Amino acid sequence: EVRMGKGKGSIEYWAARVKPGRIMFEIDGVSEVIAREALRLAAMKLPIKTRFVEKEDW
């Protein structure tokens, strides 16, 4: 909450709508093992179910 005349205030959070089937992350230049581990750690932060796909899969 901000007093009148003092601007809009600070951002509290960001949000984005992601439709099912949308590719969220692409990784290039690292081994598959490292890419899978990085995306596994990222997926733990998301409130949705995710899966790892390779370019030849889609």
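Counting with the working numbering, you get residues 4 to 61 for the letters of the sequence shown.
Backbone N, C-alpha and C define an ideal beta-carbon position, used for all residues, glycine too.
Predicted, not measured: the structure shown is a model, and the values here were computed from it.
- Taking C-alpha positions only, K58 is separated from P50 by approximately 24 angstroms.
- DSSP places L49 in the coil class of the three-state scheme, outside both helix and strand.
- Look at K58 here: in three-state DSSP terms it is helix.
- Per DSSP, reduced to three states, the secondary structure at V36 is helical.
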